[in-house]
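Below is one structure, written out as structure tokens, with a few remarks after it.
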Amino acid sequence: MASIGFLRPSMMAQNVMIPAPKFTEKNLKNLAGKVYLITGANAGVGKELTRILYTQNATVFMACRSQAKCEKAMEDVKAAAPSSTGALHFVQIDLGDLRTIKPAVESFLAKAKRLDVLFNNAGVMLPPSGTTTTVQGFDLQLGTNTVAPFLLTQLLTPILQATAKDETAAGNPAGVRVVWVASMAAELYSGKNGVDMTNLPMGSKTYARPISDPMELYGNSKAGSYLHSVEYARRHKADGIVSVAANPGNLDSDLYRSIGGRQEDKPQQQEQEVGLSWYQRAAMKYFRTQMLHPPVYGAYTELFAGLSPDVTLDKSGAWIGPWGRFFGMRSDIASYGKPKSECGGKGGAEAFWTWTTGHVKEFA
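This is the structure we're talking about:
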């Protein structure tokens, strides 16, 4: 499916001769008083996004696993913007363990009175053998990329609703948003409909029919992020909250840390086994070293999704690609995500929402 899918016009447009980003730090106004939460903010795209927002005096909550790595990232960001009047806060979270999500939200709410944009930025791809499930037993990519961000978003929805109400009253509709960071893998590697609900029966935390291809597992997790995005948009548009999913682009970030291929990668990292065949690993290393862009470009994609005035309430549920453009999702995933009440809709996003809700309720 990947080789055929890449030839789709929208996929070519997301990967070849991409126009320069039109919404960057140069387009931002003073963000003093605005509050943002970014998962995975200590490295790569998340760190670049933190820097951009902090430079414009925003308050950024950096939700990360490692306090030491987060504090080092804070030092780097502050050094890059010494005149900023913004603030940076560490929030302890591990998306591989649902038990950490509620305490993270409580930590955030103890310091923040509003939340303008939630960036579900963190993710994993092709984990090494031996680390294939989360603490709760989900496939690691599905649990980390899809299930945990869903719970985080659910727990933060009340403060998002309250902030949206204030922003709408102040004449700024669509100022409050949730950005679900997905990937082109959602279109390239996921199975039919993105997420096969017959293979994710209620009561099961993982696939009833095991999937051996790690790239399909990754693609499914990112298609799941898209489905959560469109269903959240349907449920919360009336609250004034915009929900969009984004393919940040092909980026040389820590997402590829299990594959290696950069000069600075340690030899043992390059030799990690992630379940790929030798030719898949060779192709991925070539892709990483020859076709990837600096992480700041992914930050521009997320910045567009989270702050651009072009992303209105009417655009809620949209699929955004590099470096801040609207695209159509793969047709089977798009129709699967629509409610059954819409023409051609199959109700898949609602079904996946229900499945996920059932598995996170004990941690809410």
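No gaps in the numbering here: position 359 of the sequence shown is 358 in numbering that gives the first Met the number 0, and each next residue is one more.
Ideal Cβ placement from N, Cα and C applies to all residues, glycine included.
### Query
How would you call Val310, buried or exposed, if buried means at least 16 neighbouring beta carbons within 10 angstroms?
Position 311 of the sequence shown, counted from the first residue, corresponds to residue 310. Answer is buried; the Cβ neighbour count reaches 16.
### Task
Name, in chain order, the residues that DSSP records as bridge partners for Thr132.
Locating residue 132 in the sequence shown gives position 133, where the first residue counts as 1. DSSP, once it has assigned bridges, lists Asp138 as partnering Thr132.
### Message
Tell me the DSSP secondary structure of Ser242 in three-state form.
### Response
Your numbering for residue 242 matches position 243 in the sequence shown. Here Ser242 sits in strand by DSSP.
### Message
Taking only three categories from DSSP, how would you classify Val175?
### Response
Numbered from its first residue, the sequence shown carries residue 175 at position 176. For Val175, the three-state secondary structure derived from DSSP is strand.
### Query
So Ser315 packs on Val241, CB below 8 Å; how close in whole Å?
Within the sequence shown, the letter at position 316 stands for residue 315. Within the sequence shown, the letter at position 242 stands for residue 241. The Cβ separation is near 5 Å, so the contact holds.
### Task
Return the residue from the list Lys33, Gly43 and Lys25 that minimises the CA-CA distance to Asp294.
Taking the sequence shown and counting its residues from 1, the one referred to as residue 294 is at position 295. Correcting the residue type first, residue 294 is Pro in the shown sequence and not Asp. With distances taken between Cα atoms, Pro294 lies closest to Gly43.
### Task
Could you check the C-alpha separation between Arg261 and Gly122 for me, to the nearest Å?
On the sequence shown, residue 261 is found 262 positions in, with the first residue counted as 1. On the sequence shown, residue 122 is found 123 positions in, with the first residue counted as 1. Only weak support exists for where Arg261 lies, its pLDDT of 34 falling under 50; the coordinates are left without a value.
### Message
On the CB-based measure, 16 or more other CB atoms within 10 Å of its CB, does Cys63 come out buried or exposed?
### Response
To locate residue 63, count along the sequence shown from 1; it is residue 64. Classification for Cys63: buried.
### Message
Tell me the residue span of the beta strand (DSSP E) that contains Phe362.
### Response
Taking the sequence shown and counting its residues from 1, the one referred to as residue 362 is at position 363. Neither: Phe362 is in no beta strand (DSSP E) and is coded neither H nor E.
### Query
In three-state DSSP terms, what is Leu216?
Counting from 1 along the sequence shown, the entry for residue 216 is found at position 217. Leu216: helix per DSSP, three-state reduction.
### Query
Which residue or residues does DSSP assign as beta-bridge partners of Val104?
Position 105 of the sequence shown, counted from the start, is the residue given in the question as residue 104. According to DSSP, which records beta bridges pairwise, Val104 is partnered with nothing at all.
### Task
Decide if Ile258 is buried, meaning its Cβ has at least 16 other Cβ atoms within 10 Å, or exposed.
Here the question's residue 258 lines up with position 259 in the sequence shown. Bear in mind that a pLDDT of 48 at Ile258, under 50, signals an unreliable position, so the model cannot answer this.
### Query
Is Arg208 buried or exposed, if buried means 16 or more other CB atoms sit within 10 Å of its CB?
Here residue 208 is taken as the residue at index 209 of the sequence shown, counted from 1. When all chains shown are included, Arg208 counts as exposed.
### Message
Along the chain, where does the beta strand (DSSP E) containing Met61 start, and where does it finish?
### Response
Mapped onto the sequence shown, residue 61 falls at position 62. Per DSSP, Met61 belongs to the beta strand (DSSP E) from Thr58 to Cys63.
### Cβ distance (whole Å) where Ala363 is taken to contact Leu154 below 8 Å
To locate residue 363, count along the sequence shown from 1; it is residue 364. To locate residue 154, count along the sequence shown from 1; it is residue 155. Between Ala363 and Leu154 the beta-carbon gap is near 6 Å, inside 8 Å, which marks them as a contact.
### Query
When the distance is taken between beta carbons, is Phe107 closer than 7 Å to Val90?
Here the question's residue 90 lines up with position 91 in the sequence shown. Here the question's residue 107 lines up with position 108 in the sequence shown. Yes, Cβ-Cβ distance for Val90 and Phe107 is below 7 Å.
### Query
What is the DSSP secondary structure of Arg233, counted as helix, strand or coil?
Taking the first residue of the sequence shown as position 1, residue 233 is located at position 234. It is helical.
### Task
With a cut-off of 8 Å on the beta carbons, I'd call Ala245 and Ala350 a contact; round off their distance for me.
By one-based count along the sequence shown, residue 245 stands at place 246. By one-based count along the sequence shown, residue 350 stands at place 351. Wrong, their Cβ atoms sit about 23 Å apart, outside the cutoff.
### Task
Compare the C-alpha of Lys221 against each of Val243, Gly239 and Pro200 and name the closest.
In the sequence shown, counting from the first residue as 1, residue 221 sits at position 222. Closest option to Lys221, Cα to Cα, is Val243.
### Task
Report the partner residues of His439 according to the DSSP bridge assignment.
Absent from the model: residue 439. The displayed extent of the chain is 0 to 363, so no value can be given.
### Query
Helix, strand or coil: how does DSSP classify Gln13 here?
Position 14 of the sequence shown holds residue 13. Correct three-state label for Gln13: helix.
### Message
I'd like to know whether the C-beta atoms of Asn219 and Val178 end up nearer to each other than 7 Å.
### Response
Counted from its first residue, the sequence shown places residue 219 at position 220. Counted from its first residue, the sequence shown places residue 178 at position 179. No, Cβ-Cβ distance for Asn219 and Val178 is not below 7 Å.
#### Entry: Closest by C-alpha distance to His227, when choosing among Lys71, Ala103 and Asn144
Stepping through the sequence shown from its first residue, residue 227 is reached at position 228. Selected option, being the one with the closest Cα: Asn144.
### Message
Rounded to whole angstroms, what is the Cα-Cα separation between Ala224 and Ala237?
### Response
Mapped onto the sequence shown, residue 224 falls at position 225. Mapped onto the sequence shown, residue 237 falls at position 238. Reading off the sequence, residue 224 comes out as Ser, not Ala. C-alpha separation (whole angstroms): 21 Å.
### Task
Evaluate contact between the region 75 to 85 and the region 127 to 135, counting only Cβ atoms and requiring at least three cross-stretch pairs below 8 Å.
no
### Task
Can you check the region 305 to 347 for any beta strand (DSSP E) of at least 3 residues that lies completely inside it and give the ranges in chain order?
318 to 320 and 324 to 326
### DSSP bridge partner residues for His88 (one or two, in chain order)
Indexing the sequence shown from 1 puts residue 88 at position 89. The partner list for His88 (beta bridge, DSSP) reads Phe60.
### Query
Which value, in whole angstroms, describes the spacing of the CA atoms of Ser9 and Ala185?
Within the sequence shown, numbered from 1, the residue matching residue 9 stands at position 10. Within the sequence shown, numbered from 1, the residue matching residue 185 stands at position 186. About 13 Å.
### Query
Run through DSSP, which three-state label would Asn119 get?
Translated into positions along the sequence shown, residue 119 becomes position 120. DSSP places Asn119 in strand when its eight states are reduced to three.
### Task
Look up Leu36 in the DSSP assignment and say whether it is helix, strand or coil.
Counting from one through the sequence shown, the residue named residue 36 turns up at place 37. Residue state, collapsed to three classes: strand.
### Query
Got a sec? Which residues, its chain only, sit under 7 Å from Ile413 by beta carbon, not counting five neighbours each side?
Only positions 0 to 363 of the chain appear in this structure, which leaves residue 413 out of reach.
### Assumed close pair Lys21, Gly323 - CB separation to whole angstroms, cut-off 8 Å
Numbered from its first residue, the sequence shown carries residue 21 at position 22. Numbered from its first residue, the sequence shown carries residue 323 at position 324. At roughly 6 Å, the Cβ-Cβ gap stays under 8 Å, so Lys21 and Gly323 are in contact.
#### Entry: For Val194, three-class secondary structure by DSSP
In the sequence shown, the residue the question calls residue 194 occupies position 195. DSSP places Val194 in coil when its eight states are reduced to three.
### Message
By the DSSP assignment, the alpha helix (DSSP H) with Thr54 in it spans what residues?
### Response
In the sequence shown, residue 54 corresponds to position 55, counting from 1. From DSSP, the alpha helix (DSSP H) with Thr54 extends over Gly43 to Thr54.
### Exposure label - Pro213; buried when at least 16 CB within 10 Å
Start at 1 with the first residue of the sequence shown, and residue 213 comes out as number 214. Buried, since its Cβ has 16 or more Cβ neighbours within 10 Å.
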